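Numbering (the working numbering), first residue to last: 4 to 358.
We put the beta carbon where it would ideally sit given N, CA and C, even for glycine.
It should be emphasised that the depicted structure is a prediction, and the values quoted were computed from it without experimental measurement.
Following: one structure in structure tokens, then a few remarks.
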Amino acid sequence: MRYLPQRLVIEKEVADSPLVKRILATLPDTPVDWVDQLKEDEDGENGSFLEIVKFRGRFIKPCPGTRFYNCCGYQILNLGIQCSLGCTYCILQAYFTSRNVRLFANLDEAIQQLTEHLNNSRREIHRIGTGEFTDSLLLDPLIHLSENLVPFFAAQPNAILELKTKTAQVDLLEKMDHRGHTIVAWSLNPPQVIAAEESGAAPLEARLEAAQRCQEWGYRVAFHFDPLLAYPGWQQGYQEVVDRLFSAVEPGGIAWISLGTLRFMPSLKTVIQQRYPNTSILDEEFIPGLDGKLRYFRDLRVEMYAYLNELLLGIHKDLCVYLCMESDDVWREAFGFTPAERGGLSAMLDRRALS
Ligand code: SF4
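Here it is as structure tokens:
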């Protein structure tokens, strides 16, 4: 569903930035509030204001993994926060009180920091994503951010950009000279889960069709079964997703597939109950993990991972399937090996990024 803000709230300091000019040209009839500095408590109904500000922090950071679980060594390029797609389980509801989508307009500074970061460690492979604190392609039809990022990464010998999305907004990617340095990734769930828990996001068929188009344009694609949800009949639901996935895309062009069962900080539970009283995602039992997040019992997690892994590798044995934030024990029981036995999770994914 295309994001159309009801109001723009723009800091005067970024009035002349190319991103602001682009948005104003794309949305000429949307009311604008010009402010000296953004007030944190100004919230449109369901986050319907788009805030455009100058970001004063570090744009590039390591993904906040924890030492208790196998971390994939991902890095986050933070160009905006919040998302309007309204997934019931969205972790951002616990991170940010405002539901407004916020965009950082000083993209030139972000690119400068990123360039320095890559130049300072030229021997390392950098897997960088923009989809940690928002959806990577949510605003693309409005701001054409991909036109800045995809060519930038195409010119970097040691970096791969992953655009993670639940939209089908890939039109702008068609004509870009990506040189294999951008991977487009979708989070997948069965249609009934999407209808109930991801109602603002694109339907499964639209996501898979978008992935098919990206493959036709030479992009590698990736998929994240995250969060995997345990609901009555989940086995059949995920089997159907896997069947539909491989009738749409070529397995040889898939960079990686991650699996991660539902997990969340305890503080998110109340928010979910208040905002989505009819959701059934909290019906299962949860235990706190070593990182403090609530997650399904270990046996259920292992069962889900082993089931999905067998389905996926049964279709193409060379797929790179990995677990997000799980321990060696869970890896061994579900997959039969630990990341350390293959050089570590980060190295496993680096090899795929380069291949
Ligand atoms: S698409 Fe991602 S960021 Fe957006 S609401 Fe859903 S979980 Fe949150």
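Option nearest residue i by Cα separation, candidates the options
| i | options | result |
| --- | --- | --- |
| residue 102 | 205, 237 and 51 | 51 |
| residue 197 | 335, 90, 21 and 281 | 90 |
| residue 133 | 158, 123, 107 and 119 | 107 |
| residue 217 | 177, 140 and 348 | 177 |
| residue 202 | 60, 30, 292 and 282 | 282 |
| residue 88 | 224, 212, 137 and 304 | 137 |
| residue 265 | 299, 286, 63 and 185 | 299 |
| residue 304 | 329, 79, 284 and 120 | 329 |
| residue 131 | 285, 114 and 146 | 114 |
| residue 135 | 19, 28, 206 and 77 | 77 |
| residue 179 | 200, 151 and 146 | 151 |
| residue 308 | 173, 21, 260 and 30 | 260 |
| residue 105 | 147, 58, 37 and 63 | 58 |
| residue 222 | 165, 246 and 277 | 165 |
| residue 6 | 146, 212, 291 and 129 | 146 |
| residue 38 | 110, 306, 239 and 17 | 17 |
| residue 306 | 174, 336 and 225 | 336 |
| residue 312 | 346, 339, 332 and 297 | 339 |
| residue 212 | 229, 200 and 188 | 188 |
| residue 15 | 267, 244, 254 and 41 | 41 |
| residue 254 | 319, 345 and 148 | 319 |
Buried or exposed by the 16-neighbour rule on C-beta atoms within 10 Å, applied to residue i
| i | result |
| --- | --- |
| residue 357 | exposed |
| residue 237 | buried |
| residue 241 | buried |
| residue 98 | exposed |
| residue 171 | buried |
| residue 96 | buried |
| residue 210 | buried |
| residue 169 | buried |
| residue 83 | buried |
| residue 292 | buried |
| residue 220 | exposed |
| residue 64 | exposed |
| residue 227 | buried |
| residue 270 | exposed |
| residue 290 | exposed |
| residue 123 | exposed |
| residue 250 | exposed |
Presumed contact (8 Å Cβ cut-off) between residue i and residue j, rounded CB distance
| i | j | result |
| --- | --- | --- |
| residue 86 | residue 93 | 7 Å |
| residue 67 | residue 33 | The Cβ separation is near 34 Å, so there is no contact. |
| residue 258 | residue 354 | Going by Cβ atoms, the distance from residue 258 to residue 354 rounds to 11 Å, so no, they are not a contact pair. |
| residue 181 | residue 163 | Not quite, the Cβ-Cβ distance comes to about 10 Å (not below 8 Å), so this is no contact. |
| residue 262 | residue 324 | 7 Å |
| residue 71 | residue 294 | 6 Å |
| residue 277 | residue 285 | In fact, because the Cβ distance is near 12 Å, the residues do not count as touching under 8 Å. |
Run of the beta strand (DSSP E) containing residue i, from where it starts to where it stops
| i | result |
| --- | --- |
| residue 107 | 104-107 |
| residue 190 | 185-190 |
| residue 53 | 52-56 |
| residue 227 | 223-231 |
| residue 263 | 257-264 |
| residue 10 | 10-14 |
| residue 246 | Looking at the DSSP string, residue 246 is not in any beta strand (DSSP E); the run it does join, the alpha helix (DSSP H), is 237-251. |
| residue 34 | No beta strand (DSSP E) contains residue 34, which DSSP labels as neither H nor E. |
| residue 324 | 324-326 |
| residue 64 | 63-65 |
heavy atom of the ligand GTP below 6 Å from residue i C-beta
| i | result |
| --- | --- |
| residue 272 | Of the ligands one can find in the structure shown, namely the ligand SF4, none is the ligand GTP. |
Boundaries (first-last residue) of the alpha helix (DSSP H) holding residue i
| i | result |
| --- | --- |
| residue 308 | 301-318 |
| residue 128 | Note, residue 128: premise wrong, no alpha helix (DSSP H); not H, not E. |
| residue 283 | Note, residue 283: premise wrong, no alpha helix (DSSP H); not H, not E. |
| residue 332 | 331-338 |
| residue 349 | 348-357 |
| residue 21 | 21-29 |
| residue 116 | 110-123 |
| residue 98 | 95-98 |
| residue 211 | 207-219 |
key: Every unbroken beta strand (DSSP E) within the stretch 139-199, with a cutoff of 3 residues, ordered by chain   = Here the runs fully enclosed are 162-168 and 185-190.
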